[in-house]
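Asks: Residue numbers for the sequence shown follow this note's numbering, beginning at 52 and rising by one. Using N, Cα and C, we set each Cβ at its ideal position, and we do this for glycine too.
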Amino acid sequence: MQEAEKRITGDADPDLGKFLRFEEQPKDPAALRGVLWDEKYNRDHFDSGDIKAHIEKLSGKEKKPSLRAQLAQDRETVKAAPKKQAAKTKNKGLEV
52 MQEAEKRITG DADPDLGKFL RFEEQPKDPA ALRGVLWDEK YNRDHFDSGD
102 IKAHIEKLSG KEKKPSLRAQ LAQDRETVKA APKKQAAKTK NKGLEV
């Protein structure tokens, strides 16, 4: 074991050898157990929500139709639009 204040490096230690893994141990295991139990209790007693709806609400953007849906709507608008007739002119002669 190594003291908490001592920095961990990748170099081999003369007493401990090569660094293989890191494990943290709490100073007061009972206090840690209590905190973990409280957090688990709080999580278990809340209803889980819809994260996608929450993000959309936070972003302030309303869901737009897809690009394909927009193109299809534009095609329908163009088909339904009345056809424009060519303008009639009274002067059929050549201009000089």
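#1: Going along the chain, which residues of its own chain have a beta-carbon closer than 7 Å to the beta-carbon of Asp125, five neighbours each way excluded?
#2: Under 8 Å between the Cβ atoms of Ala63 and Lys69?
#3: Please report how far the alpha carbon of Lys115 lies from the alpha carbon of Asp98, in whole angstroms.
#4: Look at the alpha carbon of Lys108 and the alpha carbon of Gly100, and state the distance between them as a whole number of angstroms.
#5: Quick one: complete alpha helix (DSSP H) runs, 4+ long, within the region 64-121?
#6: Expressed to the nearest angstrom, what Euclidean distance is found between the alpha-carbon atoms of Pro133 and Ser110?
#7: Verify whether the separation of the beta carbon atoms of Leu71 and Pro77 is less than 8 Å.
#8: In its own chain, which residues sit with a C-beta less than 7 Å from the C-beta of Leu118, not counting the 5 before and 5 after it?
#9: What's the C-alpha gap between Ala123 and Ile102?
Replies: So, from the data block:
#1: none
#2: yes
#3: 29 Å
#4: Using only the alpha carbons, I get a separation of about 13 Å.
#5: 80-95, 102-110
#6: 39 Å
#7: no
#8: none
#9: 30 Å
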